[in-house]
Amino acid sequence: MAIVYLPYKLRHFSMGSNVIDVNGKNLKELINNLENLFPGIKLELVENNKLKPGLSAVIDGRTTRLGLIHKLKEDSEVHFLPAIAGG
Amino acid sequence: MVSTSDKKEYKVIGTRPIRHDGYDKVTGRAQYGADIKLPGLVLGAVLRSPHAHAIIKNIDTSEAEKIPGVLAVMTSDDLPRLDDVQRASSEESGSEKHLSENVLAYKKVMYKGHAVAALAAIDQNTAEEAIKKIKVDYEILEPVINVDQAMHKDAPIILEDFEADHLGKKVLNTNVALHERYDFGDVEKGFSNSDFVLEKEVNMQTVHQGYIEPHNATAIWDEENRVKIWTSTQGSFVVRDSVSKVLGLDVSRVRVTPMEIGGGFGGKIPIYLEPLAAILSKKSRRPVKLVMTRTDVFEATGPAPGGKVKVKLGVDSSGKMLAAKAVIKLEAGGFPEAFIEAASKCVFSCYDIPSTRIDGYDVIVNKPSSAPYRAPGSPQVAFAIETLVDEICSEKGWNPLEFRIKNVARKGTRTALGPLYTRIGLEECLKAAKKSDHWKSKLDDNLSPGKKRGRGIASGYWFNIGFKSHVNLALNTDGTVALTEGSTDIGGTRASISMQAAEVLGIPAEDVRPTVVDTDSIGYTDVTGGSRTCYATGYAAYLASQKLIQEIEEKAALKWDIDVEEVIYENGIIKSKSDSELKMTLKEFADDSPGGPITANASVDLEEAGGGFGVHIADVEIDESTGKTDVVRYTAIQDCGKAIHPSYVEGQLQGGATQGIGWALNEEYYMSRDGIMENSSYLDYRNAYFLRPSDD
Amino acid sequence: MHPYNYYAPENINDALGLLEKFGSKARCLAGGTDILVQTRGGRFELDAIIDVKNIPELTKVEWTKDHLLVGSAVPCYLLYEDEKVTSQFPGIIDAASLIGGIQIQSRASLGGNLCNASPSADGICPLIVHNTICVIAGPKGSREISVDQFCVSPGKNVLDEGEFLVSLKIPLPNSGFGAAYERFIPRNEMDIAVAAVGSSVVVDGGKITNSKIALAAVGPTPIYAEKASEFLLGKDVSEDNLDQASQIAQDSCSPITDMRGDVEFRKHLIGVLTRRTLDLALERAGGN
Amino acid sequence: MANSKKVKKIQITTTINGQEMELLIPPYISLLETLREIVGITGTKEGCNDGNCGACTVTIDRRIVDSCLVLGAEIDGKNVETIEGMATPEGLHPLQQAFLEEAALQCGICTPGFLVASKNLLDKEPNPSEGRIRHWLAGNLCRCTGYDKIVKAVQKASENS
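Here the protein sequences line up with chains A, B, C and D, keeping their order. Position one of the first sequence corresponds to residue 2 (the numbering used here), numbered consecutively onward. Position one of the second sequence corresponds to residue 7 (the numbering used here), numbered consecutively onward. Position one of the third sequence corresponds to residue 1148 (the numbering used here), numbered consecutively onward. Position one of the fourth sequence corresponds to residue 24 (the numbering used here), numbered consecutively onward.
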């Protein structure tokens, strides 16, 4: 199971806990499973079948550029963080 | 520059060829944005707000329109009103509404210098005289010019309709556009377990990127509602996307040709003049050029956010960090985006700290809407944390370099934002600093009477983005390779990208001929910024070169009528594995290749490159009587990865350090109580001129 | 910018005629390093710019029996590249060689610097401590005034409408005379003085028989620091006396706080710079 | 033009990069504008338009000036040299070559000003010290390089010429 780290502002979904184990062979599946655990959380993460503008997912230390189709490993670590702009 | 050992031998990479665009730049031929000449070109001027915060009650352009020679006048009525939706672009954030309203004020001005109206006329002086005839009726509001004022409970609200996000909650009537929090571990417990806790707040002044070339834009709006734009920008595609949003056009109707760019440092990512030039062209049916004055550049573009950063550190008696807290309040300017996410990512980036909490506040103030500047957010927080670390070391009698090594972040260290570091090079930088001549040298050599010296050391971090790039290659019939790409070249990237292609192709760097082309001529390419260009566009060049070799081998096989597996390409020579008679140079082949021209292209969308760290050492000499401070020795140790063109890597370090010295010593926006920048000239802004050695 | 015409008269009378014709709508152009920026910035609306660099009296450096006569449009470099001027007037050269960079020094003149009447002007303090006389041409003929009377307020000088500055008459230094100028800027080049001091001394037999101290950027105009200067008259050259004079200079100035520095810092600087320039002036006087 | 009816263009005769020319110019425009807009050579750059960056450096009768602080009218009868006049048909000036070899430019916008100013120095003083070079070029701003490579390039050109 992948380990999901929830950002501070989404922890009200998880009663304050910041680390959740969730299944998913890719990010899309993981988010759907997260939604099953915490109804409503998907709206905070996904818009128009993509990660919400301004949001990024860091998977195993790297910010994914593939987004929802990014494949996850059994022990992947997933963080949802604000996307960082600028140069 | 000292290079660490390389496992791989390179022929081109690591050498110092003359950059491809250099000849045009040393002869004055290079065409920057303001240099463009087009048939029928007319010039324009922009009316800017004299007030820092005011409601626009009425704009009367009638007098200006009557002036002979005035061809078109525009206000925000000429722009479509956009929704407050987040832009999806990977490099530019903020809402479409704010993008448009920063380009031209709508109903309200947010800072002195905010554009209010624009016009085009037959010549510059007519435009400048006519613009004064536009009458604007303002209701002046109390300005808010720093984070303390803005966050005060009675502060005037600058963006009245804006829905702010405070830890996920929607909030109205606040100047704090965003409050984010990142926390890991139990920070309070960390502090209570600490033997020593120290706290510090620094006040960062607002500074400007200070590029020598003022912003400019030239546009033609044609009868088919297609807009051609020529501009000096760090990202032609960002300009295309932003301008199409502001003008309400499909992206394919906007073609942006990036001109040579006279410096950017992040400040030439946003758009300012382009939509105005486009509308003025539409109205005047002439090509229109707009160029900012230096004062406009200071008052209406950039700057890097100022603000307040408070940091608190807890350490145990052995000098191990146990807990850290940061409160980062940065000035976004008149519209949101002060890079607090980046600042939060950077503040404790150099250390391995088990418990951390970071609160970031994106604060709206009546200053120009801030723009990226050399790792946006990072210098502000680095100054705070590195000063605090030094103070702790000084108080405890610890060696500041050893203390940093003891607490260093490594591969596998959990960062304050959560993710684990992949392979990084901070520890190596610190150890290189320890071994450097500078660190080992005596501080007071050649000290003049009445002077005192001090030595400081600091670490810093930037995360180096990847993103999208595209490169086209075409084998010229003389055996050279034409390389086209979309990354605007600020400091030698044409050379470093070409060198990566040349390395793969086994030909001299000079035989790759790079051109930066317009947005209709290449695939989407993200901005030149975030330390991505050499990496991402270089990666596309690397992939495209491999494909070009494949193409060469396939067509050579066709030419010789042999199996493609039989063909070897090596260093510009094509030969057969088995038949020594079959051999030709790239030039011989290129002149007569079967099946059409030999081309290849590649595109990438890369993840970040792991982040770059630096450790800098500075010796300063202070005149005890006047406080005059000179930097007498400076060493930058930087984890650069492999230096493609070492001269330009050195140049980046030297230039960046000089800007940092300017920021640390002299540069600032000196604001009046009315929110007017009083030093909007190079003379009084005091950026670093020649650092003159004190001995001569 | 309000469009204006350009005139380049070749003698004083023609220049006076143009000034009379255009009145307040005309300005003289010497080096142009201030006036062109100010005109562009909308400070004046001119109908005429009168380039005075074709008038011989304004562009030559001349030695008379008692004076060095410097035309008001003589660019700085002509002074510091002139070995005789450099050796006899090092205090003036201190200023002439630090106004702007080399590009500015190719054009900017001490006369222009004086007419611009900036409180922080580098050229004016040394002229004051050299007891310089300003030679002015006007519709009623020529007149002379002491340079410390020339500036009246920031950007304003004593010239009446129709008048212009012809030259600066600087007395030749007697033996025992020394002068120096120093400013404080946070950078090393290309800056405006936060505070600045010019000092001159005449030393005779270990005693200071005459002294002038002038201060810039600490009042509405560069000012002659009368009390500090007079304090030194007849005094021995001693650490204590020099320190006291510096203290008096510091106490007697009235700076403002602005983007370049605050009141306290500027006063402090005046003390430091007075002492430094007195030391250098004494050294140049051959005093120690 | 609204209030410029009484302002007539003036005719001047001048030599720019060795070529004598007659120009008809508005009397109030700067030498910088004259070069860029009237003569049509844009190698001389505008960075600040108030004499504080040196990007518009040219020489008039062998003295460097900020061309933004000179009126076009003032060059009547004078000899002006700009970056466009620096290379010859035989090739680049040693300074131009040295700037390329030493990577003394990044964005390149300040480069013409630095080259014109440096050439003027080496014409007068073929072997300046590092301090002299830094002093001479103090009126030129560069935001990219940190200046070090510029000094090295001028030193190299000085040795090579």
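We put the CB at the ideal spot given by N, CA and C, even for glycine.
With a threshold of 6 Å on Cβ separation, who are the neighbours of residue i within its own chain once the five nearest residues in sequence on each side are excluded?
i: B/Val626; result: Gly460, Thr635 and Val637
i: D/Ala78; result: Lys68, Gly70, Cys133 and Gly136
i: C/Ser1376; result: Ser1358, Lys1359 and Ile1360
Give a yes or no on whether the minimum CB-CB distance between residue i and chain D is below 7 Å.
i: C/Ile1199; result: Sequence inspection shows Val at residue 1199 of chain C; the Ile mentioned does not correspond to that position. So no, C/Val1199 is outside the interface.
i: C/Arg1174; result: no
i: C/Asn1158; result: no
i: B/Ile24; result: yes
i: B/Ser55; result: no
i: C/Ser1253; result: yes
i: B/Leu689; result: yes
In angstroms, rounded to a whole number, what distance separates the CA positions of residue i and residue j?
i: B/Leu396; j: B/Lys316; result: Position check: residue 396 of chain B holds Asp in this sequence, whereas Leu was assumed. Roughly 15 Å separates the two Cα atoms.
i: B/Asn209; j: B/Gln386; result: 9 Å
i: C/Lys1359; j: C/Leu1274; result: 10 Å
i: B/Phe345; j: B/Ser376; result: 9 Å
i: C/Glu1329; j: C/Asp1241; result: 7 Å
i: B/Glu305; j: C/Leu1215; result: 46 Å
i: C/Asp1229; j: C/Cys1223; result: 10 Å
i: B/Val369; j: B/Thr180; result: 9 Å
i: B/Tyr530; j: A/Leu44; result: 29 Å
i: B/Asp84; j: D/Asp73; result: 33 Å
i: B/Val79; j: B/Leu53; result: 11 Å
i: C/Ala1155; j: B/Asp690; result: 33 Å
Does any residue of chain A bring its CB to less than 7 Å from the CB of residue i?
i: B/Gly424; result: yes
i: B/Asp611; result: yes
i: B/Asp701; result: Residue placement at B/Asp701 cannot be trusted, given a pLDDT of 42 that sits under 50; what the coordinates show is reported in the next sentence. False, the Cβ-Cβ gap to chain A never drops below 7 Å.
Can you list, in chain order, the residues of its chain whose CB lies under 7 Å from that of residue i, leaving out five sequence neighbours each side?
i: B/Gly196; result: Gly320, Leu328, Ala329, Pro360 and Ser361
i: B/Val4; result: Residue 4 of chain B is absent from the structure shown; chain B starts at 7 and stops at 702.
i: B/Ala546; result: Ser475, His476, Val477, Ala608, Ser609 and Val610
i: C/Leu1420; result: Glu1329, Phe1331, Ala1342, Ala1343 and Val1344
Let me check understanding here. Comparing Cα to Cα, which of the options lies closest to residue i?
i: B/Trp669; options: B/Glu613, B/Phe389, B/His172 and B/Tyr144; result: B/Phe389
i: A/Asn50; options: A/Ile60, A/Glu30, A/Asn37 and A/Ser18; result: A/Glu30
i: C/Asn1260; options: C/Ser1171, C/Val1199, C/Ala1243 and C/Lys1200; result: C/Ala1243
i: B/Phe469; options: B/Thr525, B/Ala381, B/Gly497 and B/Ser551; result: B/Ala381
i: B/Phe271; options: D/Cys167, D/Gln42, D/Ile87 and D/Ser184; result: D/Cys167
i: B/Gly254; options: B/Ile285, B/Thr224, B/Gly617 and B/Gln660; result: B/Ile285
Enumerate in chain order the residues of its own chain whose CB-to-CB distance from residue i is below 8 Å, with the five nearest sequence positions on each side excluded.
i: C/Glu1204; result: Ile1159, Gly1218, Val1313 and Ser1314
i: B/Gln556; result: Ala606
Looking at the C-beta of residue i, does it have a partner C-beta in chain C at a distance below 7 Å?
i: D/Ala176; result: no
i: D/Asp89; result: yes
i: D/Pro50; result: yes
i: B/Ser96; result: Model confidence at B/Ser96 stands at a pLDDT of 49, short of 50, so the residue's coordinates are unreliable and nothing is read from them.
i: B/Tyr676; result: yes
Is any beta-carbon of chain B found at less than 7 Å from that of residue i?
i: A/Val59; result: yes
i: A/Gly62; result: yes
i: D/Ala78; result: yes
Residue i versus chain F: which residues are under 7 Å apart at the beta carbon?
i: D/Asn40; result: Note that chain F does not occur in the displayed structure, where the protein chains are A, B, C and D.
Touching by the beta-carbon criterion (3+ pairs, under 8 Å), the segment 1251-1269 of chain C and the segment 97-107 of chain D: Touching, no.
Cβ pair count under 8 Å reaching 3, the segment 535-546 of chain B against the segment 572-583 of chain B: The segment 535-546 of chain B makes no contact with the segment 572-583 of chain B: fewer than 3 CB pairs, one atom from each, lie closer than 8 Å.
Inter-stretch contact at 8 Å, needing at least 3 Cβ pairs: the segment 49-61 of chain B / the segment 4-24 of chain A: The count of Cβ pairs closer than 8 Å, one atom from the segment 49-61 of chain B and one from the segment 4-24 of chain A, stays below three, leaving the stretches out of contact.
The segment 489-507 of chain B / the segment 517-525 of chain B touching (three or more Cβ pairs under 8 Å): yes
At least 3 beta-carbon pairs within less than 8 Å: the segment 30-38 of chain D vs the segment 1366-1386 of chain C: No, they do not touch.
At least three beta-carbon pairs within less than 8 Å, the segment 1281-1289 of chain C to the segment 104-119 of chain D: no
Sufficient close CB pairs (3 or more, under 8 Å) joining the segment 1377-1394 of chain C to the segment 1289-1304 of chain C: no
Cβ contact (3+ pairs, closer than 8 Å) linking the segment 616-623 of chain B and the segment 68-76 of chain A: no
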